Structure formats: C-alpha cells, structure tokens
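Peer 1: For the sequence shown, position 77 (counting from the first letter as 1) is numbered 78 according to the working numbering, and the numbering increases by one without interruption. Glycine included, each C-beta is placed from N, C-alpha and C at the ideal position. Small disclaimer: the values here were computed from a predicted structure and weren't measured.
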Amino acid sequence: MEQKGCLEDEIDDPRAIDEFSRRFFYVSGFISQLKNDDKSFYLACPDENCKKKVHEEAVGWRCEACNKTYPNCVPTYVLSAKVADVSDQIYINFYRHEGTAIMGISAEKLKEIKDQGDI
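1) From this set, V87, K53, K69, which residue's C-alpha is nearest S33's C-alpha?
2) With A108 as the anchor, note down where its beta strand (DSSP E) starts and where it stops.
3) Classify A102 as helix, strand or coil using the three-state DSSP reduction.
4) Specify the secondary structure class of M2 as computed by DSSP and reduced to three states.
5) Would you give the residue range spanned by the beta strand (DSSP E) that E58 belongs to?
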C-alpha cells in the first residue's frame with residue numbers, strides 16, 4: 002500500500018478521476034461530519050458470505066442475491082463520514098465492523114433505539 006503525505010495528494014492524484022477504481026491508502030485525520038439520516042444502516046441477508054440488502058415479504062426476508070427467504074435479517078452499517086486532515090476533506094463510506102467502531106454500538110442496537118423512537 003502506497004503511503005502519501007495527506008488527503009490533498011490523494012484527491013489531486015490523476016487516478017482519482019476514475020471513480021470506479023479502488024485505491025487504498027493511509028490517512029492520519031479525523032471525522033469532521035457524520036451524515037445523520039435513515040441510511041446509516043440497511044437490513045442485510047443473515048448469510049455471512051452475502052450481506053446483501055433484503056426485502057420484507059409476508060413469510061420473512063427475501064434475499065435476491067441468495068435467492069432465499071430467511072426468518073430474520075441483520076441490520077448492517079453503511080455510514081458516510083467526512084474525513085479531514087490538515088490539507089483537505091473527503092467523504093468515505095464505512096461498513097459493518099468499522100461502523101460499529103465509529104458509533105460505539107452495533108447496528109442492531111441502533112435499529113432498536115430508532116424503532117423505540119428514542120432518536
């Protein structure tokens with residue numbers, strides 16, 4: 002993994018133009034903003050090898066990717082956060098375990114709190 006000095010270097014890199022390419026790099030920064038919306042988690046397939054979005058049906062939760070219906074689903078984080086350093090800022094998505102680390106609670110617990118109307 003190539004390590005550069007700051008976000009500005011990564012954002013200005015010509016490879017950043019291709020939004021479909023994946024690039025990995027280290028950054029020493031902080032989360033300056035966390036989007037607070039109803040899309041902080043989604044209901045996912047309980048199969049550990051899948052984790053795709055499911056849809057509620059009369060008999061359970063349907064995963065189109067697995068082509069199966071399950072009796073339950075798993076709330077799964079997909080957080081969008083603005084990460085900043087001394088040079089620039091960029092929105093980054095954090096999933097599953099990273100989301101739990103950032104939020105300090107599991108996506109299941111967050112769903113439970115939202116369902117109770119506490120937030």
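Peer 2: Working from what's here:
1) V87
2) Not the beta strand (DSSP E): A108 falls in the alpha helix (DSSP H), residues 108-117.
3) helix
4) For M2, the predicted structure reports a pLDDT of 47, less than 50, and the residue's modelled location is therefore unreliable. A value from the coordinates is still provided. If DSSP states are grouped into helix, strand and coil, M2 belongs with coil.
5) 56-58
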